[in-house]
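Colleague:
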DNA sequence: TTACTATATAATAATTATTACTATTTGTCA
DNA sequence: TGACAAATAGTAATAATTATTATATAGTAA
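Residue numbers (our numbering), protein chains in the order written: chain D, 20 to 166; chain R, 20 to 166.
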């Protein structure tokens, strides 16, 4: 993994905040720094617990809003739980998904090319892998137009 | 998309239920059929609302348990919201994820090969795509041993 | 520096989603 | 048919997410 350069990331953080007229508050800074050094993809509550060490009075709501503003700034990605609730699919045949980041629709698509994407051998050895999932993210036809 | 053959799927459903000693109840049948014909990856609550039309007295809990038993039988996939809560990642550089289906850890990994996987042009045209995400699922080193 | 103002914050409440519990009912098999 | 393990309805408990509001603060410009 290319080691994340914290200084560089903070520089971009300050820039992006300025661009968007977001104030540089200690809460915002600590939350982003905590995320930068985390390697375990924490939940909002986990970030909240960790940031509390430095800022004991911080509220859950602040962490919540800040995490979302960071994703809007594209400084942070959501790796699990985009939309509200767990969703199911009875189509277990080979197919792939596109997720609309605005309306949260998940749309199926076929792709021979994606079907053929393999699982690297070193990972097969390391983990017991049972599935490969490719997800494309963006804006669907309707949501692209509105933007 | 290869059209899902409902009859074929039901046959497999009955087989798998038998194998596992699961009773064929109307609730189970309706829930699976509802999922088979759905194309929108519904949540438990959405399935519940739909199945209610046929079985007005069905309880949310039944849908909940049944949806999970179907995933355990590998008749149904979870496409969103595997573990409890939303999770964040400040590493926005190129990398990929492995998810442990048992302990729900998400582990980063690098892969030049996956970095190079492209986005099919037809999809580029159809959607406004901003990200490609590859997720491998299985059991991590610790969880593989216990099994 | 100081005063101003838009933004951010803490504290908490409301909503929504998930999971657990128990008494009753229902498939299944002998 | 009758016995019994498994499943269900109804509901309660927990957990996660989102909204609200009064107060505080960062950034700006006199």
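Virtual Cβ for every residue (Gly too), placed ideally from N, Cα, C.
For the segment 141 to 158 of chain D and the segment 149 to 156 of chain R, state whether three or more C-beta atom pairs, one from each stretch, are separated by less than 8 Å.
Modeller: Yes: the two stretches touch, three or more of their Cβ pairs being nearer than 8 Å.
Colleague: Hey, quick one: how far does the alpha helix (DSSP H) through residue 55 of chain D stretch, first residue to last?
Modeller: From DSSP, the alpha helix (DSSP H) with residue 55 of chain D extends over 45 to 56.
Colleague: Using a C-beta cutoff of 8 Å, does residue 111 of chain D count as contacting chain R?
Modeller: It does: the Cβ of residue 111 of chain D has a partner Cβ on chain R nearer than 8 Å.
Colleague: What runs of the alpha helix (DSSP H), each 4 residues or longer, lie entirely inside the segment 97 to 151 of chain R?
Modeller: You should have 131 to 135 and 140 to 145.
Colleague: Report the residues of the segment 141 to 157 of chain R with a CB closer than 8 Å to any CB of chain D, ordered along the chain.
Modeller: So the list reads 142, 145, 146, 147, 148, 149, 150, 151, 152, 153, 154, 155, 156 and 157, given in the order they occur along the chain.
Colleague: Looking at the structure shown, is residue 88 of chain R part of a helix, part of a strand, or coil, going by DSSP?
Modeller: In the structure shown, residue 88 of chain R sits in a helix (DSSP, three-state: H, G or I).
Colleague: When DSSP labels each residue in this structure, what does residue 166 of chain D get in the three-state scheme?
Modeller: Only weak support exists for where residue 166 of chain D lies, its pLDDT of 46 falling under 50; the coordinates are left without a value.
Colleague: Am I right that residue 98 of chain D and residue 55 of chain D are in contact with their C-beta atoms under 8 Å? What's the rounded C-beta distance?
Modeller: About 15 Å; that fails the 8 Å criterion.
Colleague: Which residue marks the beginning of the alpha helix (DSSP H) containing residue 6 of chain R, and which one marks its end?
Modeller: Past the boundaries of the shown model lies residue 6 of chain R; chain R is included only from 20 to 166, so the question cannot be answered.
Colleague: Indicate whether at least one CB of chain D lies closer than 8 Å to the CB of residue 23 of chain R.
Modeller: Cβ-Cβ to chain D under 8 Å: yes for residue 23 of chain R.
Colleague: Within the chosen definition, does the segment 84 to 98 of chain R reach the segment 99 to 113 of chain D through at least 3 CB pairs nearer than 8 Å?
Modeller: With the cut-off at 8 Å, the segment 84 to 98 of chain R and the segment 99 to 113 of chain D touch.
Colleague: Report the residue from D/141, D/139 and D/158 whose alpha carbon sits nearest the alpha carbon of residue 142 of chain R.
Modeller: Residue D/158 is the option with its Cα nearest to residue 142 of chain R.
Colleague: Measure the C-alpha to C-alpha separation of residue 70 of chain R and residue 34 of chain R and round it to an integer number of angstroms.
Modeller: Those two C-alpha atoms are separated by around 23 Å.
Colleague: I think residue 74 of chain D touches residue 45 of chain D, with their Cβ atoms under 8 Å apart; what is that distance to the nearest whole Å?
Modeller: The Cβ separation is near 7 Å, so the contact holds.
Colleague: Assuming the contact rule is C-beta atoms closer than 8 Å, residue 117 of chain D and residue 128 of chain D should be a hit. Round their C-beta distance to whole Å, please.
Modeller: Between residue 128 of chain D and residue 117 of chain D the Cβ distance is about 6 Å, and since that is below 8 Å, they are a contact.
Colleague: Report the neighbours of residue 108 of chain R on chain D: residues whose CB is nearer than 7 Å to its CB, in chain order.
Modeller: Within 7 Å Cβ-Cβ: 60, 95, 96 and 98.
Colleague: Between the Cα of residue 162 of chain R and those of R/135, R/125 and R/139, spot the shortest distance and give me the residue it belongs to.
Modeller: Per the Cα distances, R/125.
Colleague: Using DSSP with H/G/I as helix, E/B as strand and the rest coil, what is residue 20 of chain D?
Modeller: Residue 20 of chain D: coil per DSSP, three-state reduction.
Colleague: Give the residues of chain D in contact with residue 79 of chain R, contact being defined as C-beta atoms less than 9 Å apart.
Modeller: Chain D residues near residue 79 of chain R: none, gap ~12 Å exceeds 9 Å.
Colleague: Determine, for residue 20 of chain R, whether the minimum Cβ-Cβ distance to residues of chain D falls below 8 Å.
Modeller: For residue 20 of chain R, the answer is yes, since a Cβ of chain D falls inside 8 Å of its Cβ.
Colleague: Hey, quick one: how far does the alpha helix (DSSP H) through residue 30 of chain R stretch, first residue to last?
Modeller: Run containing residue 30 of chain R: 25 to 38, per the alpha helix (DSSP H) assignment.
Colleague: When you compare the CB of residue 139 of chain D with every CB in chain R, is at least one pair closer than 8 Å?
Modeller: So, interface residue.
Colleague: What does the alpha-carbon distance come out to for the pair residue 41 of chain R and residue 66 of chain R?
Modeller: Taking the straight line joining both Cα atoms gives about 20 Å.
Colleague: Using a Cβ-Cβ cut-off of less than 9 Å, give me the residues of the segment 63 to 76 of chain D that come near chain R, in sequence order.
Modeller: Listed in sequence order: 63, 64, 65 and 66.
Colleague: Does any C-beta atom of chain D lie closer than 8 Å to the C-beta of residue 132 of chain R?
Modeller: It does: the Cβ of residue 132 of chain R has a partner Cβ on chain D nearer than 8 Å.
Colleague: Less than 8 Å between CB atoms is the rule here; does residue 41 of chain D satisfy it with respect to chain R?
Modeller: Taking Cβ atoms only, chain R never reaches closer than 8 Å to residue 41 of chain D, which makes this a no.
Colleague: Whole angstroms are fine: how far does the CA of residue 130 of chain R sit from the CA of residue 137 of chain D?
Modeller: Cα-Cα distance, rounded: 11 Å.
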